[in-house]
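Note that the sequence shown covers residues 11 to 212 in this note's numbering.
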Amino acid sequence: MISLYRPGTSPLHRAPAGLKLALLALLGVGFSLMPRQPIVLGLSLAAGGLVLVVAFFALAELAGRPLLRQLWSTRWIVVAMVGTQLIFLTPGDAAVNTVRVVAIVLLAGLLSLTTRSSDVLAALETGLGPLRRLGVDPRRVGLTLSLAITMVPVIAALAQRVREAQRARGVRLGFRAVVPLLVLALRHADDVADALSARGVD
Numbered sequence: 011m012i013s014l015y016r017p018g019t020s021p022l023h024r025a026p027a028g029l030k031l032a033l034l035a036l037l038g039v040g041f042s043l044m045p046r047q048p049i050v051l052g053l054s055l056a057a058g059g060l061v062l063v064v065a066f067f068a069l070a071e072l073a074g075r076p077l078l079r080q081l082w083s084t085r086w087i088v089v090a091m092v093g094t095q096l097i098f099l100t101p102g103d104a105a106v107n108t109v110r111v112v113a114i115v116l117l118a119g120l121l122s123l124t125t126r127s128s129d130v131l132a133a134l135e136t137g138l139g140p141l142r143r144l145g146v147d148p149r150r151v152g153l154t155l156s157l158a159i160t161m162v163p164v165i166a167a168l169a170q171r172v173r174e175a176q177r178a179r180g181v182r183l184g185f186r187a188v189v190p191l192l193v194l195a196l197r198h199a200d201d202v203a204d205a206l207s208a209r210g211v212d
């Protein structure tokens, strides 16, 4: 399994996992509800949100290479979103939506970099505790949400590994990179399943 957590003593590293999850949820909803029109306002708000995310990386003392790697890992998301949205939306709307999604992805990556997975899972289980009365298993739901939150940066790390391996072999990058990425993703899924089974999670 890939561990993206980077030990540190920054305020974000020391902040409770529950607080960071709540902040991620609030900012995610806030970015999603940002108006797109007028386009100048939409772009300004989206750019401001991205600047806020960069400030969080700086607060976590990860504003150097870690931030650049996270930004670089979102390039295919940018290409896919812009390419598909231009079919139905104006360039301005496509740009606003893409920047908002990139900001949310970066926030999820920052959470993974500054918070241990065990702490995220514990915080989710605590927050979902009241749902026990409705017959919901907070442990299973928390585990599912934790895996979902960390999956995007994990896949990005796998893609980076594939890219570096192909460059080392002198292989031209292209759509063929999808095959080894898919293999690594499935292998990672198997490792996660084995780890869960070893801990008695069916």
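Note that the Cβ used here is the ideal one computed from N, Cα and C, for glycine as well.
- Taking a contact to require three or more Cβ pairs closer than 8 Å, the segment 131–144 and the segment 104–120 do not qualify as touching.
- Pairwise C-beta distances place the segment 24–44 in contact with the segment 53–72, as three or more of them are shorter than 8 Å.
- For Ile49, the CB contacts under 8 Å within the same chain, skipping 5 residues up- and downstream, are Thr100, Gly102, Asp103 and Val106 in chain order.
- Counting along the chain, Arg143 sits inside no alpha helix (DSSP H), nor does DSSP assign it H or E at all.
- Counting along the chain, the unbroken alpha helix (DSSP H) around Arg85 starts and ends at Arg85 to Phe98.
- In the structure shown, Pro21 falls within a helical segment according to DSSP collapsed to helix, strand and coil.
- Less than 8 Å divides the Cβ of Ala70 from the Cβ of Ser20.
- Note on Thr124: 16 or more other CB atoms within 10 angstroms of its CB, so buried under the neighbour-count rule.
- Your pair Ile165 and Ala195 checks out as a contact, with CB atoms roughly 6 Å apart and the cut at 8 Å.
- Assigned with DSSP and collapsed to three states, Ala73 falls in coil, not helix or strand.
- Spatial neighbours of Phe66 in its own chain (CB-CB distance under 8 Å, excluding positions within 5 residues in sequence) are listed in chain order as Leu22, Leu117 and Leu120.
- If you compare the alpha carbons of Arg173, Val193 and Arg150 with that of Trp86, the shortest gap goes to Arg173.
- A check of alpha carbon separations from Leu29 across Arg149, Leu192, Arg171 and Val130 identifies Val130 as the nearest.
- In this structure, Leu77 sits away from Val88, with a CB-CB distance that is not shorter than 8 Å.
- In the structure shown, Pro48 falls within a coil segment according to DSSP collapsed to helix, strand and coil.
- The three-state secondary structure of Thr136, taken from DSSP, is helix.
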